[in-house]
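Data block below; observations after.
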Amino acid sequence: MGKTDGLLDIMGARLDQRPAPILYVGPIRDFLTDQFEPRLMSLLDEAETLAAKVVRGRRMKKTLKVVAGVPVRLAHAGSSAGLKSSPAALALVDEYDEMLANVKGQGDPLGLVEARGETYADFVTAITSTPSRGLIETQFDERSGLTFWKPGDPEAVESAIWKLWQSGTRHHFCWPCIHCDSISCRASSRCAGRRTPPRRRRRKRRSCSVPTVAAFTMMTTRRR
């Protein structure tokens, strides 16, 4: 599953189980209208529990959906008005490394997004991206037997998503191998480089001879 598909699952679950205003922020407008919005509509149309909750007709727009009585707004980093337009209980920021460092003099996109959550005590922001630049090192943990990403020099880190991850709890996703059931953490020093085209890697686990394929992305969350 890709990171954008994961964000769509989060949106669908929240709208179905505990509806609240959602703000999704993509890097550019074309990505929103040409790629993300059709995928969002596929989710809303195909999920039986959500299809009947969608307000259709003249109130439905490319960048604004109303589901279960709450708005789902799509914005992009190049529009400060879109980032400041309405409050949200859940904000999802996609491809953070690709966003402008300054939105028309209004500040960092993430700061504008997090200001939308002042109304909600349980406001959460999820930020995901493929690191754009920089070298990645790993370190082996003797206690767990797993390899984790090694924090770098804060002054030398160029990637915005890496800086966020490094400033937080630095949790890693680990899961069992479907062949040998041993736990694996997808941290590799071979993830360095630019993100276009997305780099994929094949590698063999120490305890299993079956190669796996993984794409390198990062995700971090910030809770008020």
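Sequential numbering from 2 applies to the sequence shown in the numbering used here.
Glycine included, C-beta positions come from ideal geometry on N, C-alpha and C.
Spatial distance of residue i from residue j (CA atoms)
i      : j      : result
Leu65  : Leu24  : 10 Å
Trp150 : Val26  : 27 Å
Cys181 : Leu147 : 15 Å
Asp154 : Lys164 : 10 Å
Ala82  : Arg117 : 12 Å
Ala244 : Leu41  : Residue 244 lies beyond the stretch modelled for the chain, which goes from 2 to 225, so this question has no answer here.
Ile179 : Asp17  : 30 Å
Gly7   : Arg144 : 30 Å
Lys63  : Thr139 : 42 Å
Met61  : Val67  : 7 Å
Asp46  : Val73  : 15 Å
Asp10  : Leu93  : 12 Å
Gly3   : Trp166 : 18 Å
Cβ shell of residue i (< 6 Å), same chain only, five flanking positions each side left out
i      : result
Pro20  : Ala69, Val71
Glu115 : Thr126
Glu96  : Pro28, Ser130
CA nearest to the CA of residue i, picked from the options
i      : options                        : result
Pro88  : Ile137, Val55, Val56, Thr126   : Thr126
Thr34  : His77, Ala122, Arg171          : His77
Leu136 : Pro39, Leu91, Phe124, Pro152   : Pro152
Asp142 : Phe124, Ile128, Gln167, His173 : His173
Ala122 : Ala90, Arg171, Leu9, Gly112    : Ala90
Thr5   : Arg30, Ile128, Arg15           : Ile128
Pro39  : Arg59, Ser86, Leu75            : Leu75
Gly80  : Ile162, Arg30, Ala161          : With the sequence shown as reference, residue 80 is identified as Ser, and Gly is not the correct amino acid for it. Taking only the C-alpha atoms, the option nearest Ser80 is Arg30.
Supposed close pair residue i, residue j - CB separation, criterion 8 Å
i      : j      : result
Glu159 : Arg134 : 5 Å
Ser168 : Trp176 : Contact flag wrong, Cβ pair sits at about 25 Å.
Three-state secondary structure assigned by DSSP to residue i
i      : result
Leu65  : strand
Gly27  : strand
Ser185 : strand
Phe32  : helix
Ala161 : helix
Pro110 : helix
Asp72  : As written in the sequence, residue 72 is Pro, which differs from the Asp given in the question. Here Pro72 sits in strand by DSSP.
Pro39  : helix
Ser133 : coil
Ala53  : coil
Ile11  : helix
Thr148 : strand
Close Cβ partners of residue i (< 8 Å) along its chain, the five nearest in sequence each way excluded
i      : result
Pro198 : Any answer about Pro198 is weak, because its pLDDT of 44 lies below 50 and its placement is not dependable; what the coordinates show is given next. Within the same chain, Pro198 has no close Cβ partners at all.
Beta-carbon contacts of residue i that lie in its chain and below 7 Å, excluding the five residues immediately before and after
i     : result
Gly13 : Leu44, Ala48, Leu51
beta-carbon residue i near the ligand HEM non-hydrogen atom, thresh 6 Å
i     : result
Leu51 : Absence of the ligand HEM from the depicted structure is noted, as is the absence of any ligand whatsoever, leaving it without description.
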